[in-house]
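> The structure follows.
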Amino acid sequence: MTNALTAPLLLPLGTALVCCLLVGRPSVERRVFIAASAAVQCAVAFWLAWRAFNGPPLVLPLGNWAPPLGIVLVADGLSGIMLCLSSVVSLACVLFGYAETPVEVEQPLRLPLMQLLAAGINLAFITGDLFNLFVAFEIMLVASYALLTLEANDRDIKEAFPYLAVNIFGSSLFLIAAGMAYTVFGTLNMADISRRAADMPGDFGALLVAVLLVVVFGIKAGIFPLYYWLPNSYPILHFSLGAFYSGMLTKVGVYVLLRMLGTVFPHTLTPIYTGLAWLAGLTMVLAVLGAVSRSFIRGILSFHIVSQIGYMVLAIGFFTPLAIGACIYYVIHHIIVKSSLFLIGGTAMYYNHTDHLPRMGGLWKASPVLGVCFLLQAFSLAGVPPLSGFWGKYLILFAGFKDGHYWLVLAALVASILTLVSMLKIWLGAFWEDVPRDGTIEPQTSGAARAMTAIVCALTTLSLAIGFGVGIFLPLAQSAADSLLDPAIYRRAVFNLTGKGAP
Amino acid sequence: MKAVVDSFLLRALIGLVFLLVNIVSIYLLLRGHNLPGGGFIGGLMTGMSFLLLGLARGWTELQRELPVPPLRLATFGVALAAVSGAAPMLVGQPFLTQWQFHLTNVPLFREIHLGTPLIFDFGVFLLVSCITVKLIIVLARSTAGLPAFTPGEVPYYSSTLEDPIEHEPPAEESHGN
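Protein chains in written order, with our numbering: chain A, 890 to 1392; chain B, 634 to 810.
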């Protein structure tokens, strides 16, 4: 039992509340306060992850009610990794937002809502209860709806409608699935569901609940038939927010898919795994084609999110311990790389005043450091050795080869090459070519541009460390995967608790 | 902006119904710990009662008469709920631990069972009722053709250099109020 587990939820929530209650208008002091809070959240997340890795999962029964009666918060290795990633990306995006937007024009509700979004995301990572997970998704989604439309102009705001409609549809489906889970299993505690589901193999109700939940989280993650909402809605965000959205939101879906299929449901749902793998293959290829067809940075990067989700879900679809470990490593790699690419796009937009490629150019001369960062991250995203993306893709493809999924491996390779093509498109359009006649470029490097470049460099260094330190990060991911795939560890940690109402 | 129908009967009746609805909603709030009810349902009822009030008196009137901005009160509600949840952590108990007090020999009531969940529930009540009121006011204002926020509120909802979404001149004062 440890109350520290509430910190990833309470710190961002408290920050948002203080901002709304005490300081309604943006000011430099408020910015410092929020940045300090984000840094503290980062430190707490790393401390929690360290404790979760060196010992059994951390568990907290809320209100001292023993599971399965009460709600529990659980943090195991995977949750710890995700908490660290979300807090690092949140800190980077908050700082980048400061450089991107002067304090006089900052939207007063942007940072409080972003903290609320972080609170929802963190709760989704640590909760051990299905309905509580629904609540976490709602906190996250409500904040994300508000942020999406907060600074959108009249023309862009209509792109938010598909986002709203698909996510509300997904949430309703989630609620129905949670109700069905309670009917079928008689409990909503994840550890208890896993215990009862193991005792009813081949039960139709259990299978139906599993399929419904996979569909719900597939929608949230943005898998093939229902990904259209994502690539059009993210480009209406500012770059700092877009980086946070692209890094974390869909990955919550991937995390919950891992948790559900790895820990909660028995490992016998082969038709679901096969279906997921094929949908993932389609997602990868179709989304990367979308990316190639776009001509502005945010659009290309947004399609890439969907395409990369395909790789992670493909790994879940293979469902071997190796593939799950590779998936977790890929998530670590992807969140950092994708967010930093968005932030690089933001810096490029600062120089060129637009992110429309035909009107951009000359960035290689203006800021070679930014160009190097972009090249490193773009090659990493495409999977060029020895950068982080290469190891992730290599391991996933290796896992697929061992099981004989040759077509899916081929699809992943094709998607990889097309990723490189679309990245070259950004490279040529924004960095290599000269500024076209109707474009503009900021003549001097200002303090804001230096701050942005510094943040981008820090994330790129982190990403390089993940790539070159594969010997450290891969065993971490693998040990998280092993404890994820062993429901006994999770159940033991949860049911060892004593409290009110214990049987 | 005046009420749609100005009739004495309607106003008197709505005043009465407003009172009754709020008595029921407080009853629901108080019984919520052990029986169906609670802050969420009570808050929804209270919020909806303001819909009646707004219909009778007109929305700008209603907004002027509210003693505090609803969103501030809602934020205070969340803060109250969060603090009441977090307070047990100071004495080493898990987050959201609650206590009950049983008072006996109270005059008039004989015995009263008080619990700290009531504080949490009151926070939820404030949040839900005030958010509902705010939503109703904003929706009613925009259906009536007014800008969603009054000029005094705008600095808290938009940055200084942002384009307003509505480009019509504010018709607030010239709307026959």
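Glycine is no exception: its CB is placed at the ideal position from the N, C-alpha and C atoms.
All values derive from a computational prediction rather than experimental measurement.
Taking only the alpha-carbon atoms, compute the straight-line gap between V1055 of chain A and V1195 of chain A and give it to the nearest angstrom.
For the purposes of this step, residue 1055 of chain A is identified with residue 166 of the first sequence, where counting begins at 1. For the purposes of this step, residue 1195 of chain A is identified with residue 306 of the first sequence, where counting begins at 1. Each residue's alpha carbon lies about 15 Å from the other.
> With the cut-off set at 7 Å, would you say Q996 of chain A and L1039 of chain A are in Cβ contact?
Residue 996 of chain A sits at position 107 when you count from the first residue of the first sequence. Residue 1039 of chain A sits at position 150 when you count from the first residue of the first sequence. Contact flag set, yes.
> Any Cβ of chain B within less than 7 Å of the Cβ of C909 of chain A?
Reading the first sequence from its first residue, position 20 is the one you call residue 909 of chain A. Chain B contact via Cβ: present.
> Of all the alpha helix (DSSP H) runs that stay within the bounds of the stretch 736-800 of chain B, which reach a length of 4 or more residues?
If we require 4 residues or more, the alpha helix (DSSP H) runs fully inside the stretch 736-800 of chain B come out as 750-776 and 787-790.
> Count the other C-beta atoms from every protein chain shown that fall within 10 angstroms of the C-beta of K1140 of chain A, then say buried if there are 16 or more, exposed otherwise.
Reading the first sequence from its first residue, position 251 is the one you call residue 1140 of chain A. Buried, by the Cβ-count rule.
> Pull up the distance between the alpha-carbon of V977 of chain A and that of W1280 of chain A, whole angstroms please.
On the first sequence, position 88 is the one that residue 977 of chain A refers to. On the first sequence, position 391 is the one that residue 1280 of chain A refers to. Answer to the nearest angstrom: the Cα atoms are 22 Å apart.
> Taking its Cβ as the centre, do 16 or more other Cβ atoms sit within 10 Å of V1310 of chain A, making it buried, or is it exposed?
Indexing the first sequence from 1 puts residue 1310 of chain A at position 421. Exposed, since its Cβ has fewer than 16 Cβ neighbours within 10 Å.
> What first and last residue would you give for the alpha helix (DSSP H) that runs through P700 of chain B?
For the purposes of this step, residue 700 of chain B is taken as the residue at position 67 of the second sequence. Segment: none, P700 of chain B is in no alpha helix (DSSP H) and carries neither H nor E.
> Compare the beta carbon distance of T1308 of chain A and A1271 of chain A with 7 Å and say whether it is the shorter of the two.
In the first sequence, residue 1308 of chain A corresponds to position 419, counting from 1. In the first sequence, residue 1271 of chain A corresponds to position 382, counting from 1. Closer than 7 Å, so yes.
> Which residues in chain A sit within 8 Å of Q731 of chain B, going by Cβ to Cβ distance?
Numbered from 1 along the second sequence, position 98 holds the residue referred to as residue 731 of chain B. Simply G952.
> Flag E799 of chain B as yes if its beta-carbon sits less than 7 Å from any beta-carbon of chain A, otherwise no.
For this step, residue 799 of chain B is matched to residue 166 along the second sequence. Model confidence at E799 of chain B stands at a pLDDT of 47, short of 50, so the residue's coordinates are unreliable; what they give is reported in the following sentence. No, E799 of chain B lies away from the interface with chain A (no Cβ there is under 7 Å from its Cβ).
> Name, please, each residue of chain B whose Cβ falls closer than 8 Å to the Cβ of L906 of chain A.
As a working note, residue 906 of chain A is residue 17 in the first sequence. Simply T708, V711, A712 and A715.
> In this structure, how does DSSP classify H808 of chain B when only helix, strand and coil are distinguished?
Working through the second sequence from its first residue, we reach residue 808 of chain B at position 175. Note that H808 of chain B scores a pLDDT of 40, beneath 50, so its modelled location is shaky; the value from the coordinates is reported in the next line. Three-state result, H808 of chain B: coil.
> Quick check on L949 of chain A - is its C-beta less than 7 Å from some C-beta in chain B?
Here residue 949 of chain A corresponds to residue number 60 of the first sequence, with the count starting at 1. By this cut-off, L949 of chain A is an interface position.
> Along the chain, where does the alpha helix (DSSP H) that runs through A1049 of chain A open and close?
Taking the first sequence and counting its residues from 1, one reaches residue 1049 of chain A at position 160. Run containing A1049 of chain A: A1049 to F1074, per the alpha helix (DSSP H) assignment.
> Of all the CB atoms in chain A, is at least one closer than 7 Å to the CB of P727 of chain B?
Walking along the second sequence from the start, residue 727 of chain B turns up at place 94. Cβ-Cβ to chain A under 7 Å: yes for P727 of chain B.
> In angstroms with no decimal places, state the Cα-to-Cα distance between L911 of chain A and V921 of chain A.
For the purposes of this step, residue 911 of chain A is taken as the residue at position 22 of the first sequence. For the purposes of this step, residue 921 of chain A is taken as the residue at position 32 of the first sequence. Near 15 Å, if we compare the C-alpha coordinates of V921 of chain A and L911 of chain A.
> With S1083 of chain A and R1380 of chain A assumed to form a contact (beta carbons below 8 Å), what rounded beta-carbon distance in angstroms separates them?
In the first sequence, counting from the first residue as 1, residue 1083 of chain A sits at position 194. In the first sequence, counting from the first residue as 1, residue 1380 of chain A sits at position 491. Between R1380 of chain A and S1083 of chain A the Cβ distance is about 6 Å, and since that is below 8 Å, they are a contact.
> By a C-beta neighbour count over all protein chains shown, 10 Å radius and 16 as the cutoff for buried, is R919 of chain A buried or exposed?
Position 30 of the first sequence, counted from the start, is the residue given in the question as residue 919 of chain A. Buried: at least 16 other Cβ atoms inside 10 Å.
> Could you list which residues in chain B have their beta carbon closer than 8 Å to that of T895 of chain A, in chain order?
Working through the first sequence from its first residue, we reach residue 895 of chain A at position 6. What T895 of chain A touches in chain B: A719, M722 and F728.
> What is the rounded straight-line gap between the Cα of L889 of chain A and the Cα of A1035 of chain A?
No answer is possible for residue 889 of chain A: it lies beyond the span of chain A, which begins at 890 and ends at 1392.
> What three-state label does DSSP hand P802 of chain B in the structure shown?
Counting from one through the second sequence, the residue named residue 802 of chain B turns up at place 169. Its pLDDT being 47, under 50, P802 of chain B is placed unreliably in this model, and the value from its coordinates should be taken loosely. Coil at P802 of chain B, not helix or strand.
> Since V961 of chain A and P946 of chain A are thought to touch, with beta carbons under 8 Å apart, how far apart are those beta carbons, to the nearest angstrom?
Residue mapping note: residue 961 of chain A aligns to position 72 of the first sequence, counting from 1. Residue mapping note: residue 946 of chain A aligns to position 57 of the first sequence, counting from 1. The Cβ separation is near 10 Å, so there is no contact.
> List, in order along the chain, the chain A residues whose C-beta lies closer than 8 Å to that of S791 of chain B?
Locating residue 791 of chain B in the second sequence gives position 158, counting from the first residue. Those are Q996 and P997, listed as they occur along chain A.
> Taking only beta-carbon positions, decide if N892 of chain A is within less than 7 Å of chain B.
Against the first sequence, residue 892 of chain A aligns to sequence position 3. By this cut-off, N892 of chain A is an interface position.
> Hey, G1289 of chain A and F1207 of chain A: beta-carbon distance below 7 Å or not?
Position 400 of the first sequence, counting from 1, holds the residue named residue 1289 of chain A. Position 318 of the first sequence, counting from 1, holds the residue named residue 1207 of chain A. Taking 7 Å as the Cβ cut-off, G1289 of chain A and F1207 of chain A qualify as a contacting pair.
> Indicate the three-state DSSP secondary structure (helix, strand or coil) for V1202 of chain A in the structure shown.
Residue numbering aside, residue 1202 of chain A sits at position 313 when the first sequence is read from its first letter. In this structure, V1202 of chain A counts as helix in the three-state DSSP scheme.
> Closer than 7 Å, Cβ to any Cβ of chain B: which residues of the stretch 971-993 of chain A, in chain order?
Those would be E993, in chain order.
> Using a 10 Å radius around the Cβ and a threshold of 16 neighbouring Cβ atoms, would you call T869 of chain B buried or exposed?
Outside the shown range of chain B, which is 634 to 810, sits residue 869 of chain B, and nothing can be said about it.
> Might you give, ordered along the chain, the residues of its own chain that have their beta carbon closer than 8 Å to the beta carbon of S1368 of chain A, omitting 5 neighbours on each side?
Within the first sequence, residue 1368 of chain A is the residue found at index 479, counting from 1. Hits under 8 Å: F942 and G966.
> Taking a Cβ distance cut-off of 7 Å, strictly less, list which residues of the stretch 954-969 of chain A are near chain B, in chain order.
Per Cβ criterion, the list is empty.
> Would you check if there are 3 or more beta carbon pairs closer than 8 Å linking the stretch 1095-1104 of chain A to the stretch 1062-1072 of chain A?
Yes: at least three Cβ pairs fall under 8 Å.
> What residue from A:V1298, A:L1348 and A:M1238 has the CA that sits closest to T990 of chain A's CA?
Counting from one through the first sequence, the residue named residue 990 of chain A turns up at place 101. Among A:V1298, A:L1348 and A:M1238, the Cα nearest to that of T990 of chain A is on A:M1238.
> Please state the DSSP three-state secondary structure of T1236 of chain A.
Here residue 1236 of chain A corresponds to residue number 347 of the first sequence, with the count starting at 1. Helix at T1236 of chain A.
> Determine the extent of the alpha helix (DSSP H) in which L652 of chain B is found, giving its start and end residues.
As a working note, residue 652 of chain B is residue 19 in the second sequence. L652 of chain B -> alpha helix (DSSP H) spans F641 to R664.
> Straight-line CA distance for F1154 of chain A to C973 of chain A?
Taking the first residue of the first sequence as position 1, residue 1154 of chain A is located at position 265. Taking the first residue of the first sequence as position 1, residue 973 of chain A is located at position 84. Cα to Cα, the separation comes out at about 26 Å.
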